[in-house]
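Asker: Have a look at this one before I ask anything.
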Amino acid sequence: MGIDGVMLATLLQAPPLTPAAARAVRERLLQTEPALQEALPLAPEAGPAISIVPVLCLYLTREPVERRRAHGGVPEVPLARLRFAYGPVQVAISAPDETIFAVADGQALAYRRHLETEQRALVTLRQAGLFPPPPGPRVQELRPGPAQGDDWVLDRDSVSLPPRPRITRFILETVQSLRVGGWQISLDPRFPVQTVLDISPWYAEVSGRAVARQEGAGGENAGTCMRATTGSAWN
Numbered sequence: 001m002g003i004d005g006v007m008l009a010t011l012l013q014a015p016p017l018t019p020a021a022a023r024a025v026r027e028r029l030l031q032t033e034p035a036l037q038e039a040l041p042l043a044p045e046a047g048p049a050i051s052i053v054p055v056l057c058l059y060l061t062r063e064p065v066e067r068r069r070a071h072g073g074v075p076e077v078p079l080a081r082l083r084f085a086y087g088p089v090q091v092a093i094s095a096p097d098e099t100i101f102a103v104a105d106g107q108a109l110a111y112r113r114h115l116e117t118e119q120r121a122l123v124t125l126r127q128a129g130l131f132p133p134p135p136g137p138r139v140q141e142l143r144p145g146p147a148q149g150d151d152w153v154l155d156r157d158s159v160s161l162p163p164r165p166r167i168t169r170f171i172l173e174t175v176q177s178l179r180v181g182g183w184q185i186s187l188d189p190r191f192p193v194q195t196v197l198d199i200s201p202w203y204a205e206v207s208g209r210a211v212a213r214q215e216g217a218g219g220e221n222a223g224t225c226m227r228a229t230t231g232s233a234w235n
């Protein structure tokens, strides 16, 4: 329970309490304390930290980066954002705390981060052909603090836009491979690709150019179309 500025100023200007008045105030507070505790229960205390393997999450979005000064403009490029889900909480690899706290169904929970799994996720993304954004003023800082390993781009030099076959191959091959490996992939509406179901044979269309799989392609990917949307990144 807090004290607002007006009440604080009044208390500071009030004369000192006499011993009898001080005892009366103390007795009044002791009488009202149980009611205050019932109205404002303390937050539950978390038990021992639970060690679990996180769910690997990749959010595909699109955000602005600065071009070289000679070109000017601020285009948007595809971006893959890495997060790790520990129960109901998702954290970035740059988060400083090794223990994650959460409250679910009125129960306080503590999760001990599985750092080995997080480091292996970085290796997986590098092997998949993704790159951390290069440091420097050309990349717009959308949030404070270091974020090495949080965001990934499709090209080593993120100031250049990925070629059309690169984004097509990333969606049709890399994303599908990560999903088979247990990754949770989410597509932001700003990412220049939309998923369309129940289309056979499946294909990818980028800026009006269709890149189709071989006729008769089956398996779990059959009947899925990944259609690139038009936008500043593809003009």
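Counting from 1, one number per residue, gives the positions in the sequence shown under the working numbering.
Each residue gets a CB set at the ideal place from its N, CA and C atoms; glycine is no exception.
Given the structure is predicted, the values throughout are model-derived calculations rather than measurements.
From the DSSP output, read off the bridge partner residues of V77.
Answerer: E63
Asker: Drop a sphere of 10 angstroms on the beta-carbon of F101, count the other beta-carbons inside from all chains shown, and report buried for 16 or more, exposed for fewer.
Answerer: exposed
Asker: Quick check on the DSSP output: the beta strand (DSSP E) that includes T99 runs from which residue to which?
Answerer: Unbroken beta strand (DSSP E) run through T99: T99 to A104.
Asker: Is it buried or exposed, R62, if we count other Cβ atoms within 10 angstroms and call 16 or more buried?
Answerer: buried
Asker: For P50, which residues of its own chain have a beta-carbon under 6 Å away from its beta-carbon, when the five flanking residues on both sides are left out?
Answerer: Looking at the sequence provided, one finds Ile at residue 50 rather than Pro. Hits under 6 Å: Y111.
Asker: Per DSSP, what are the beta-bridge partners of S51 in this structure?
Answerer: DSSP, once it has assigned bridges, lists R112 as partnering S51.
Asker: List the DSSP bridge partners of F191.
Answerer: F191 pairs with nothing; no bridge assigned.
Asker: Inspect the beta-carbon positions of H114 and V53 and report whether they are closer than 7 Å.
Answerer: yes
Asker: Buried or exposed: A108, going by 16 or more other Cβ atoms within 10 Å of its Cβ?
Answerer: exposed
Asker: Would you report the Cα separation of R28 and A21, rounded to the nearest angstrom?
Answerer: 11 Å
Asker: Rounded to a whole number of angstroms, what is the C-alpha to C-alpha distance between D97 and Q90?
Answerer: 12 Å
Asker: Would DSSP call L154 helix, strand or coil?
Answerer: coil
Asker: Excluding sequence positions up to five away, which residues of its chain have a Cβ less than 6 Å from the Cβ of A104?
Answerer: P88
Asker: Given a cut-off of 7 Å, decide if S177 and Y59 are closer than it, judged by their beta-carbon atoms.
Answerer: Here Y59 is not near S177, since their CB atoms are 7 Å or more apart.
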